[in-house]
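Enquirer: Residue numbers (my numbering), protein chains in the order written: chain G, 100 to 624; chain A, 100 to 624.
Even for Gly, the Cβ is constructed at its ideal location relative to N, Cα and C.
Below is the structure I would like to discuss, written out as structure tokens.
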């Protein structure tokens, strides 16, 4: 499949005339062909108008139709073969094996939502029987969830496949029955076009209205702002920086009709090392933690950017092991020159905070845009006193915070902002302290994990990739896992609607064979 | 029980020193004793600090404990007997029978949430088994929903019991495990205190932390703003005007940590009269619709403020029947002098819109603050051209919009803002047209009903009392029915958490006997 540099607006390829953009190979600094034409308000308007025109047809397709669409997209992405992986590698600097894994995850997400669609619990079908002899009579009441409307999706730089054009936001929105308009991330324009053309073809092959999917390209914020401000758009999915997410929240809440924004923004993912665990396996924890820290050049939303431990001999041994493990770690190419600059700047600023020492470094950079892993240390007292220590440094950098005792560790936990994850390393002897921490951490994070590392986000039913502000803009939601579909649904009650006009999920015969809540009890069939 | 005029802050009665307030009997204009002392920021701060201190204990109580709290509140409200009804009558002008019914509804809501708590589906317990031999291994993942944190509740003027101090917002927030701080509506201060003291006593009798409930009193917006801006508050429930709701949304979204606001604001609740129904039973529809219009002096969020019909003989007969039915309807006392003034002003402004005629009136006012029912008429073309015709006139006023044909009726439906309800009167011969309308109306409203009237909101599992903006500020939620609890919950994932630290809902033994989703399938036991 050729990469042309066009936008995909419905069934058309449209050459943007506003700006010229190209991707850059961060490992070499080279410009990658072709030149992309960036669009503006007119193209956002056209894509949104098509999405609106497609919406009623698309949301009312049988769930099986949308399941097949998602599977066709998954198949199509796999069929792109090495061309996709090589382009994504050139645009992102991410290793080939990592991108192959991410492709598997992307296809797996699409297929999970196909399963979710066939299962049908997402519809929340609920039936309350009429009680005609009650005073006053109770009407027949039936509830289902329906799609909210066209959705705007902004992909992430760090997952050019799994959180991008056909990533979790797009998969869950299409599953819900929402047409999707994606703003391509300028760091991986070619990857975006390849995947976008797969979706465009799957929509056409499925006989669906062309407006089900569009892919916009543009530089700066104007096309994204026009997209979120468009009256047809009813929700926004975003993965990226805190500043970027908050800017979209601002646009969305300033509309005549405000809309929800699901922005997954920033998190430093604290790891708490409890005393018994530190004594019994501090060396192993140090090595595993450093592996988690440098994975993918530290460019994960769940990167462990904060480590907390209580002072003492076991901590000294842990620190020595971590510093030793870190010094063998290679510098790795970051996604973009801009992200690399931000890492250098963030790590430099942290080093200058009073009371913060840099205690370990990985190997020096051996090429353009490579990040040198770094470990910093401070005291809990300094951490509590200076909010700069809590800022995310996106990349392979972490801050070890030394606490006097369990109470001070708990105080640090209480002081934290909202997080995607919080991790506890604990042996059985630590469980009393761990229980106290858990009560605090479940208020601070969307996922609390024990004796593991936060990188690695399973795509399943029980996953929550979300969390209190500023980890996300909406703590009620997850952007990974089956529940992600709920972001793009709203409930509607049908009162005394004639049988022949009832939607399939709510018909007496239960043609979709759903689990439904009938008069308060789950029943099937 | 005496009414003292104090605020209830935790276990204490606190005399506000900032302002002096009193309720007014709208039927007589008389001032009602006692004088209430209004508080300010200091009292909001104290109530919120107590709520925060109570939160971890309260959210971790067994669901059965909270179920009993809700039942004790319901019992206590009923035990207030006539004193409560008489005070509410004096403060609101609402008829005694209506208030007795509302008391039953209020107790019923509290008991529904006790059932919801015992049923436990609200916890969304979800278990994904570990797959240790997979590459990479899958961890043990378990999801439950937990309380978001302390909640601020602003009661409605028009339901001094069911949407006020112990109304649906409070019941669902307490059920979720959220401490509640209520700002009493200044129109029914005495009713608020009576109910507040019942909750205060139930909290104490249940051995729960005092911060589980507080009741603030204040004039103007300063105490409400302080409450919503307080960092402890994590969500807001509000029922009232569009201006009031949007002001709270603004405060909530300007916080360093923005929080969700569930504001139920304004709706004109369109009623579509389809041709066959209009021909076969237009006279009956006219009489029933006028009954619905004047019920409770038209002071329902679901009042039918807009009626749409196609021109022709059947419409002429309907119009005549409606005008005749209306002219016998008494004027009725409105809730407050302010609401009465706003009604007079709104109906007056509507009458002055070009192309709008007043075609019917009820009986003239026979006492202070009485609203005279009114019916207006315009054409679909005027309605589409002038947005003033779409403004809510809170009270017994409705606008008949005459459409040329089915297409124009559909155009009007598409033009509508978001609504709480949309109603279709349709016979079997109307079903093709009704199906087209339904596709539009399910996007416009939280509840679509056939061959009934929108007033009357059942408290059950399938109810949705919500809808797209501006009907509410959050279209994903309902403020009535079992699903209302979802507003005050957020999901947390527990990864590889040791068995002895798992919350009860997620323990292998399923001690709460919940329906849970295990590896994607619902199971119990």
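#1: Entirely within the segment 330-379 of chain G and at least 4 residues each: give me those alpha helix (DSSP H) ranges in chain order.
#2: Would you list, in chain order, the members of the segment 606-623 of chain G that have their beta-carbon closer than 8 Å to a beta-carbon of chain A?
#3: Kindly say whether residue 234 of chain A, judged by its beta-carbon, lies nearer than 8 Å to any beta-carbon of chain G.
#4: If you reduce the DSSP assignment to three classes, tell me which class residue 435 of chain A lands in.
#5: Closest Cβ-Cβ distance between residue 245 of chain A and chain G: below 8 Å?
#6: Can you confirm whether residue 549 of chain G, when its beta carbon is compared against all beta carbons of chain A, has any partner nearer than 8 Å?
#7: State the Cα-Cα distance for the pair residue 559 of chain G and residue 227 of chain A, rounded to the nearest angstrom.
#8: Is the distance from the Cβ of residue 441 of chain A to the Cβ of residue 493 of chain A below 8 Å?
#9: In chain order, what residues of the same chain lie with their CB nearer than 7 Å to the CB of residue 104 of chain A, ignoring the 5 residues before and after it?
#10: In the DSSP output, which residue or residues are listed as bridge partners for residue 592 of chain G?
#11: Any C-beta of chain A sitting closer than 8 Å to the C-beta of residue 561 of chain G?
#12: Assess, as a yes-or-no matter, whether the segment 514-526 of chain G is touched by the segment 375-388 of chain G under the definition of 3 or more beta carbon pairs within less than 8 Å.
#13: Could you tell me whether the Cβ of residue 278 of chain A comes closer than 8 Å to any Cβ of chain G?
#14: By a C-beta neighbour count over all protein chains shown, 10 Å radius and 16 as the cutoff for buried, is residue 355 of chain G buried or exposed?
#15: Taking the alpha carbon of residue 182 of chain G as the reference point, which residue from G/290, G/158, G/335, G/161 has its own alpha carbon closest?
#16: Assign residue 612 of chain A to one of two classes, buried (16 or more other C-beta atoms within 10 Å of its C-beta) or exposed (fewer than that).
#17: Between which two residues does the alpha helix (DSSP H) carrying residue 147 of chain G extend?
#18: Residues of chain G with CB closer than 8 Å to the CB of residue 591 of chain A, please, in chain order.
#19: Any residues in the segment 374-389 of chain G with a beta carbon nearer than 8 Å to a beta carbon of chain A? Which ones, in chain order?
#20: Since residue 162 of chain A is in the alpha helix (DSSP H), which residue starts that stretch and which ends it?
#21: Tell me the DSSP secondary structure of residue 102 of chain A in three-state form.
#22: By DSSP, does residue 526 of chain G sit in helix, in strand, or in coil?
#23: By the three-class DSSP mapping on this structure, what secondary structure does residue 280 of chain G have?
#24: I want to verify the contact list: residues of chain A whose CB lies under 8 Å from the CB of residue 533 of chain G, in sequence order.
#25: Mind pulling the chain A residues with CB within less than 7 Å of residue 284 of chain G?
#26: I'd like to know if residue 557 of chain A contacts chain G, where contact means its C-beta is closer than 8 Å to some C-beta of that chain.
#27: Relative to the C-alpha of residue 303 of chain A, which residue among A/118, A/335, A/532, A/167 is closest?
#28: Do the CB positions of residue 603 of chain G and residue 597 of chain G come within less than 8 Å of each other?
#29: Going by DSSP, name the residue or residues bridged to residue 621 of chain A.
#30: Any idea what DSSP makes of residue 625 of chain A, helix, strand or coil?
#31: Identify whether residue 290 of chain A lies in helix, strand or coil by the three-state DSSP scheme.
#32: Using a threshold of 8 Å, state whether the C-beta atoms of residue 400 of chain A and residue 429 of chain A are closer than that.
#33: Chain A beta carbons: is any one of them nearer than 8 Å to that of residue 199 of chain G?
#34: Are residue 127 of chain G and residue 436 of chain G close, meaning C-beta to C-beta below 8 Å?
#35: Taking 8 Å as the threshold (beta carbon to beta carbon), is residue 357 of chain G in contact with chain A?
#36: Just to confirm my understanding: we take residue 618 of chain A, look at its own chain, exclude 5 residues before and 5 after, and list those with CB closer than 8 Å. What are they?
Expert: According to the data block:
#1: Within the segment 330-379 of chain G, the complete alpha helix (DSSP H) runs of at least 4 residues are 341-352.
#2: Answer set for the segment 606-623 of chain G: 614, 616, 618, 619, 621.
#3: Cβ-Cβ to chain G under 8 Å: no for residue 234 of chain A.
#4: Residue state, collapsed to three classes: coil.
#5: With 8 Å as the cut-off, residue 245 of chain A counts as an interface residue toward chain G.
#6: Yes, residue 549 of chain G counts as interfacial toward chain A.
#7: The straight-line gap from Cα to Cα measures roughly 7 Å.
#8: In contact: residue 441 of chain A and residue 493 of chain A (Cβ atoms closer than 8 Å).
#9: If we look at residue 104 of chain A and ignore the five residues flanking it on each side, its Cβ neighbours are 133, 134, 135, 136.
#10: Partner(s): G/242, A/546.
#11: It does: the Cβ of residue 561 of chain G has a partner Cβ on chain A nearer than 8 Å.
#12: The segment 514-526 of chain G and the segment 375-388 of chain G touch, with three or more beta-carbon pairs separated by less than 8 Å.
#13: Chain G contact via Cβ: absent.
#14: Residue 355 of chain G is exposed by the Cβ-count criterion.
#15: The residue with the shortest Cα to Cα distance from residue 182 of chain G is G/290.
#16: A residue is called buried once 16 or more other Cβ atoms fall within 10 Å of its Cβ, and residue 612 of chain A, having fewer, is exposed.
#17: Its alpha helix (DSSP H) spans residues 140-158.
#18: Per Cβ cutoff of 8 Å: 541, 544, 545, 546, 547, 563.
#19: Hits within the stretch: zero.
#20: Residue 162 of chain A -> alpha helix (DSSP H) spans 162-178.
#21: Residue 102 of chain A falls in the coil class under three-state DSSP.
#22: Coil at residue 526 of chain G, not helix or strand.
#23: Strand, per DSSP.
#24: Neighbours of residue 533 of chain G in chain A, taken as residues at a C-beta separation under 8 Å, are given in chain order as 597, 600.
#25: By Cβ distance, chain A contributes nothing, its closest Cβ being about 25 Å from residue 284 of chain G, past 7 Å.
#26: Interface annotation, residue 557 of chain A: in contact with chain G, CB-CB separation under 8 Å.
#27: The residue from A/118, A/335, A/532, A/167 with its alpha-carbon nearest to that of residue 303 of chain A is A/167.
#28: Against a cut-off of 8 Å, the Cβ pair of residue 597 of chain G and residue 603 of chain G comes out as no contact.
#29: Looking at the DSSP assignment, residue 621 of chain A forms a beta bridge with A/616.
#30: Residue numbering for chain A in the displayed model covers 100 to 624; residue 625 of chain A lies beyond these limits and cannot be assessed.
#31: In the structure shown, residue 290 of chain A sits in a helix (DSSP, three-state: H, G or I).
#32: Taking 8 Å as the cut-off, the beta carbon of residue 400 of chain A is found no closer than this to the beta carbon of residue 429 of chain A.
#33: It does not: the Cβ of residue 199 of chain G has no partner Cβ on chain A nearer than 8 Å.
#34: The beta carbons of residue 127 of chain G and residue 436 of chain G sit no closer together than 8 Å.
#35: Taking Cβ atoms only, chain A reaches closer than 8 Å to residue 357 of chain G, which makes this a yes.
#36: Exclusion of the five residues before and after residue 618 of chain A leaves 226, 227, 228 as the residues of its chain whose Cβ lies within less than 8 Å of its Cβ.
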